[in-house]
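S.K.:
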């Protein structure tokens, strides 16, 4: 009994949303008396949980009052099944398969970030690899490296009690220590939606996912972190820099805190090299302009610059980037108390 209570307490302190979807193309025909609730229940769906998904899938065949038309076909939503979180017997670690075999066991280091919620978006994904370049004749892409840094960041946040939502996920690519990360196109958007080919629809999809979650969690401490790898001329080397929404005081404070953290780290580890990373407002970027939480948009380097490639292709450096971002986020959370 004592062990069960310990597990319940731990899960309350460190809640991690994890799910996978079983895709279905099944359609049903509405008959007399069918409404959305009725048709979902007849087909084994929880109407409370899947109502909005059904409406989104079938918007063109639904009346203004969300009624159904007899004789028309309706698509059923993807059925989402929760993956149970595996907690160690001593309550000191959790198992999170999305991090991959080597890193899936996460030791609980502290509850320093208990109460904090983070939404993490790694740039591009799915049909869009983002910036691409060549390294020793092999293709490297922005989305794979942004995703790897994001996973490493998520792992540190979870190990310290934060509630984390990975908005872009790849069930096959955990944290990887290779230099050249294989390019694939099977990333999905939270919870497990196929990422559209249209750039605007992709950005709208991830923005809507974040905003729905933000509204659900009300006035709790919530932050969005977006990671990208820039693409510029080969000769332009850049330091990590940060964007925020021009009207967000909290977003600006977050970006400045992260910049200050990186400045200190550069001074510590590269004392002979000046750090030149900047903080700017960039409200012309779709995700920056349209998401609700205070947020920071991070550019990790120039994928096409050889020196920046060394920073990004090294697993040790990617881990350092995630650690420094984590430390900056921790400082920001401490300031909010």
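Numbering (my numbering), first residue to last: 43 to 379. Just so it is clear, CB atoms sit at the ideal spot from N, CA and C, and this is done for glycine as well. Quick caveat: nothing in here was measured; it's all calculated off a predicted structure.
1) Thinking C-beta only, is residue 287 closer than 8 Å to residue 337?
2) Rounded to the nearest angstrom, what separates residue 154 and residue 138 at their Cα positions?
3) Given this structure, state the Cα-to-Cα distance separating residue 205 from residue 151, to the nearest angstrom.
4) Going by CA-CA distance only, name the one from 360, 364, 247 that's closest to residue 221.
5) Can you give me the C-alpha to C-alpha distance between residue 279 and residue 340, rounded to a whole angstrom?
6) Which same chain residues, not among the five before or five after residue 345, have their C-beta less than 6 Å away from its C-beta?
7) Is it right to say residue 200 is buried, meaning 16 or more other beta carbons lie within 10 angstroms of its own, or is it exposed?
8) Does the distance from the CB of residue 373 to the CB of residue 299 come in under 8 Å?
9) List the endpoints of the continuous alpha helix (DSSP H) containing residue 389.
10) State the CB to CB distance for the pair residue 364 and residue 114, rounded to an integer number of angstroms; the pair is presumed to be in contact (CB under 8 Å).
11) What residues are listed by DSSP as bridge partners for residue 264?
12) Taking C-beta to C-beta, are residue 335 and residue 265 nearer than 8 Å?
13) Quick check on the DSSP output: what are the complete beta strand (DSSP E) runs of length 3 or more inside the segment 325-349, in order along the chain?
M.R.: Let me lay it out:
1) Sequence index remark: in the chain shown, residue 337 carries index 295 (1-based). Sequence index remark: in the chain shown, residue 287 carries index 245 (1-based). In terms of Cβ geometry, residue 337 and residue 287 form a close pair [threshold 8 Å].
2) The residue given as residue 154 occupies position 112 in the chain shown. The residue given as residue 138 occupies position 96 in the chain shown. For residue 154 and residue 138, the distance between alpha carbons rounds to 20 Å.
3) One-based indexing of the chain shown puts residue 205 at position 163. One-based indexing of the chain shown puts residue 151 at position 109. Going from the Cα of residue 205 to the Cα of residue 151 covers about 14 Å.
4) Reading the chain shown from its first residue, position 179 is the one you call residue 221. Closest by alpha carbon: 360.
5) Residue numbering aside, residue 279 sits at position 237 when the chain shown is read from its first letter. Residue numbering aside, residue 340 sits at position 298 when the chain shown is read from its first letter. Residue 279 and residue 340: Cα-Cα distance of roughly 16 Å.
6) By 1-based counting over the chain shown, the position of residue 345 is 303. Hits under 6 Å: 173, 175, 184, 271, 273.
7) For the purposes of this step, residue 200 is taken as residue 158 along the chain shown, with counting starting at 1. Classification for residue 200: buried.
8) Residue numbering aside, residue 373 sits at position 331 when the chain shown is read from its first letter. Residue numbering aside, residue 299 sits at position 257 when the chain shown is read from its first letter. For residue 373 and residue 299, yes; Cβs fall inside 8 Å.
9) Lying outside 43 to 379, the shown extent of the chain, residue 389 is not represented and no answer is given.
10) The residue you call residue 364 lines up with position 322 of the chain shown. The residue you call residue 114 lines up with position 72 of the chain shown. The pair is not a contact, with the Cβ atoms about 49 Å apart (cut-off 8 Å).
11) Mapped onto the chain shown, residue 264 falls at position 222. Answer by DSSP bridge pairing, in chain order: 159.
12) Residue numbering aside, residue 335 sits at position 293 when the chain shown is read from its first letter. Residue numbering aside, residue 265 sits at position 223 when the chain shown is read from its first letter. Against a cut-off of 8 Å, the Cβ pair of residue 265 and residue 335 comes out as a contact.
13) 336-344
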